[in-house]
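Only one structure is covered here, and it is reproduced in the block below.
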Amino acid sequence: MSSTNAPIRIKGFTNEVLSWKPWLDPVDVASATPAQLAALDEMSPQARSSPYFLVLAHQPEMLLQRSIAFNAIMFAPGGMPRAERELGATVESRVNGCVYCASVHAQRFEQLAKRSDVISQVFEEPASAGTTAREKAIVEFSIRLGAEPGKVSADDVRTLKEVGLSELEILDLIHSVALFAWANRLMLNLGEPVFPGAAASS
Amino acid sequence: MTTLSESSLALDVIDATVPLVPGHATRLLRQQRDKVVAATQGSYDAMFSSSVEGLSVAERLLVALHACSVSKAATLAAHYRERLLAEGVDRELIAAVGSGAPVADARLRTVLAFTASLIERPIEGDRAAVQSLADAGLSTPAIVALGQLIAFLSYQVRLVAGLQALAAVEVAA
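Note that the protein sequences, when read in sequence, are chains A and B.
Residue numbering for the first sequence is 179 to 380, as defined by my numbering.
Residue numbering for the second sequence is 292 to 464, as defined by my numbering.
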């Protein structure tokens, strides 16, 4: 599934695969409680080996509910195409400066959409990003809801409807952007991204 | 335990704070994503559960009030103010935290400063900020709980704002 093209590296953001180093001690899988293991497994089959999810496993009920919400928002059938949910997630991550989240969800967008043109645009300058009127409207709404939620109005919803989004698609976009307001804050404040080749430092 | 259909029909915190009454078109739209509805309320319940150790329910509600006040999310701030009053938290303390006035308690001051920073400028999060919480006496599970709570509130604020915008279109239509 990986792209054969050279990786995108723009303004500190990339679509390369990064690692993440926690600032807190992760839960040790070997001594994890059944509730901690259930919460990890709810997230994904890889979560037991992820430092990020093992840190979050210190609060298993919070991780369990967040995992259910995450998977329901990003993977539910129908409504907004999954690639566009990933675009909303990538825009929110770019606006918040979450390099790790932006890399993961740029990769997922590319896997689903089979292109990365809009990702380069989002990394360069989110305010003008988008290859179609629909995509531009999705990006603009994602920026607005992410950065200034108190200013989102009926007019912003009408703009999305004018470029063809259904109400369910708009709800899916709201969920995706809001979810990454959540995810970015965990990633940015409980640890830091590690770039390829830099894993041995500090 | 309630059944899934009963819990999905009950008004939850998001419905109450948008607000969305039974039968509202935006509420029916929300119900199409019933797993998200249930996990959003489930997350809220987990965030304020009495079984979370290291950070009292009152402290967590004060964090929520401060986060929603900073975010100018008026209906959510009112929700957390009501819960704080129901918990019997001192009215002057609630007023101070809601308005951003300084509080006397050093631990609470550190927690609220971390809250405002993470809500408004998540990119400024660093190792020193996490260390300041540990120095204030928070255990690792308590720091994870605080991080999850503030991050969840960022989600809740945007979900309510988005649903309010959707509902406003319904009213105008």
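In this text, a Cβ means the ideal position worked out from N, Cα and C, and glycines have one as well.
Please go through the segment 318-360 of chain B and give each complete alpha helix (DSSP H) segment of 4 or more residues, from N-terminal end onward. 325-338
According to DSSP, is residue 195/A part of a helix, a strand, or is it coil? Your numbering for residue 195/A matches position 17 in the first sequence. Residue 195/A falls in the coil class under three-state DSSP.
Find the nearest neighbour of residue 421/B within the set 363/A, 270/A, 257/A and 355/A, judged by alpha-carbon distance. For the purposes of this step, residue 421/B is taken as the residue at position 130 of the second sequence. Per the Cα distances, 363/A.
Opposite residue 200/A in the DSSP bridges: which residues? To locate residue 200/A, count along the first sequence from 1; it is residue 22. Paired residue(s): 369/A.
Boundaries (first-last residue) of the alpha helix (DSSP H) holding residue 366/B: In the second sequence, counting from the first residue as 1, residue 366/B sits at position 75. Per DSSP, residue 366/B belongs to the alpha helix (DSSP H) from 365-377.
For residue 336/A, three-class secondary structure by DSSP: On the first sequence, residue 336/A is found 158 positions in, with the first residue counted as 1. Helix, per DSSP.
Name the DSSP beta bridge partners of residue 188/A, please? Taking the first sequence and counting its residues from 1, the one referred to as residue 188/A is at position 10. Beta-bridge pairing links residue 188/A to 191/A.
Evaluate residue 400/B with the Cβ neighbour count: other Cβ atoms within 10 Å of its Cβ, from every protein chain shown; 16 or more gives buried, anything less gives exposed. One-based indexing of the second sequence puts residue 400/B at position 109. Under this definition residue 400/B is an exposed residue.
Please give me, in chain order, every unbroken run of the alpha helix (DSSP H) with length at least 4 that falls completely inside the segment 407-439 of chain B. 418-426
Between residue 200/A and residue 449/B, how many whole angstroms is the CB-CB distance? I'm expecting something under 8 Å. Residue 200/A sits at position 22 when you count from the first residue of the first sequence. Residue 449/B sits at position 158 when you count from the first residue of the second sequence. That pair is no contact at about 25 Å.
Cα-Cα separation, residue 460/B to residue 334/A: Taking the second sequence and counting its residues from 1, the one referred to as residue 460/B is at position 169. Taking the first sequence and counting its residues from 1, the one referred to as residue 334/A is at position 156. Whole-angstrom Cα-Cα distance: 10 Å.
Just the chain B side, please: which residues come within less than 8 Å of residue 233/A by C-beta, in chain order? Taking the first residue of the first sequence as 1, we reach residue 233/A at position 55. Those within 8 Å of residue 233/A in chain B are 435.
Output, in sequence order along the chain, the residues in the segment 330-357 of chain A whose CB is closer than 7 Å to any CB in chain B. 330, 331, 332, 334, 335, 336, 345, 346, 348, 349, 352, 353, 355, 356 and 357
How many Å lie between residue 285/A and residue 194/A at the Cα? Position 107 of the first sequence, counting from 1, holds the residue named residue 285/A. Position 16 of the first sequence, counting from 1, holds the residue named residue 194/A. Those two C-alpha atoms are separated by around 8 Å.
Measure the alpha-carbon distance for residue 353/A versus residue 338/A and round it to whole angstroms. Counting from 1 along the first sequence, the entry for residue 353/A is found at position 175. Counting from 1 along the first sequence, the entry for residue 338/A is found at position 160. Approximately 15 Å, taken between the alpha carbons.
Cut-off 8 Å between Cβ atoms - residues of its own chain near residue 356/B, not counting five sequence neighbours on either side: One-based indexing of the second sequence puts residue 356/B at position 65. Once the five neighbours on either side are set aside, the close Cβ partners of residue 356/B are 368, 371, 372, 375, 385, 388 and 389.
Would you grab the beta carbon distance between residue 309/B and residue 364/B for me? Rounded to a whole angstrom, and I think it's under 8 Å. Taking the second sequence and counting its residues from 1, one reaches residue 309/B at position 18. Taking the second sequence and counting its residues from 1, one reaches residue 364/B at position 73. In fact, because the Cβ distance is near 11 Å, the residues do not count as touching under 8 Å.
Give me the residue from 198/A, 311/A, 303/A and 262/A with the minimum Cα distance to residue 292/A. Residue mapping note: residue 292/A aligns to position 114 of the first sequence, counting from 1. Residue 262/A is the option with its Cα nearest to residue 292/A.
Exposed or buried, what is residue 238/B when buried is set at 16 or more other beta-carbons lying within 10 Å of its beta-carbon? Outside the modelled stretch of chain B, which goes from 292 to 464, sits residue 238/B, for which no answer is possible.
Report the rounded CA-to-CA distance for residue 324/A versus residue 315/A, giving the unit in angstroms. Sequence index remark: in the first sequence, residue 324/A carries index 146 (1-based). Sequence index remark: in the first sequence, residue 315/A carries index 137 (1-based). Cα to Cα, the separation comes out at about 14 Å.
Helix, strand or coil for residue 329/A per DSSP? Taking the first sequence and counting its residues from 1, the one referred to as residue 329/A is at position 151. It is helical.
With a threshold of 16 other CB atoms inside 10 Å of the CB of residue 185/A, please say whether the residue is buried or exposed. Taking the first residue of the first sequence as position 1, residue 185/A is located at position 7. When all chains shown are included, residue 185/A counts as exposed.
Taking only beta-carbon atoms, is residue 449/B less than 7 Å away from chain A? Mapped onto the second sequence, residue 449/B falls at position 158. Answer yes: the Cβ-Cβ gap between residue 449/B and chain A drops below 7 Å somewhere.
Alpha helix (DSSP H) containing residue 264/A: first to last residue? For the purposes of this step, residue 264/A is taken as the residue at position 86 of the first sequence. Looking at the DSSP string, the run of the alpha helix (DSSP H) that includes residue 264/A is 260-274.
Which residue marks the beginning of the alpha helix (DSSP H) containing residue 285/A, and which one marks its end? The count along the first sequence starts at 1 and reaches residue 285/A at position 107. Note, residue 285/A: alpha helix (DSSP H), 277-291.
Using a Cβ cut-off of 7 Å, pull out every chain B residue sitting near residue 236/A, in sequence order please. Residue 236/A sits at position 58 when you count from the first residue of the first sequence. What residue 236/A touches in chain B: 431, 432 and 435.
Using a beta-carbon distance cut-off of less than 8 Å, what residues from the segment 362-377 of chain B approach chain A? 362, 363 and 364
Quick one: complete beta strand (DSSP E) runs, 3+ long, within the segment 200-259 of chain A? none
Contact between the segment 232-245 of chain A and the segment 428-447 of chain B (3+ Cβ pairs under 8 Å): yes
Please report the residue range of the alpha helix (DSSP H) in which residue 392/B lies. Locating residue 392/B in the second sequence gives position 101, where the first residue counts as 1. Unbroken run through residue 392/B: none, as it is neither H nor E.
For the segment 211-231 of chain A against the segment 256-270 of chain A, do three or more pairs of beta-carbon atoms, one drawn from each stretch, fall closer than 8 Å, so that the two count as touching? no
Residue 303/B: first and last residue of the uninterrupted alpha helix (DSSP H) it sits in: Here residue 303/B refers to the residue found at position 12 of the second sequence. From DSSP, residue 303/B is part of no alpha helix (DSSP H); its letter is neither H nor E.
Whole-number beta carbon distance between residue 260/A and residue 304/A, since they are thought to touch under 8 Å: Taking the first residue of the first sequence as position 1, residue 304/A is located at position 126. Taking the first residue of the first sequence as position 1, residue 260/A is located at position 82. That pair is no contact at about 20 Å.
Output, in sequence order along the chain, the residues in the segment 198-219 of chain A whose CB is closer than 7 Å to any CB in chain B. 201, 202 and 203
To which residues of the same chain is residue 294/A closer than 8 Å at the C-beta, ignoring the five residues directly before and after it? The count along the first sequence starts at 1 and reaches residue 294/A at position 116. 181, 183, 186, 193, 284, 287 and 288.
In the structure shown, what three-state DSSP assignment does residue 309/A receive? For the purposes of this step, residue 309/A is taken as the residue at position 131 of the first sequence. Residue 309/A: coil per DSSP, three-state reduction.
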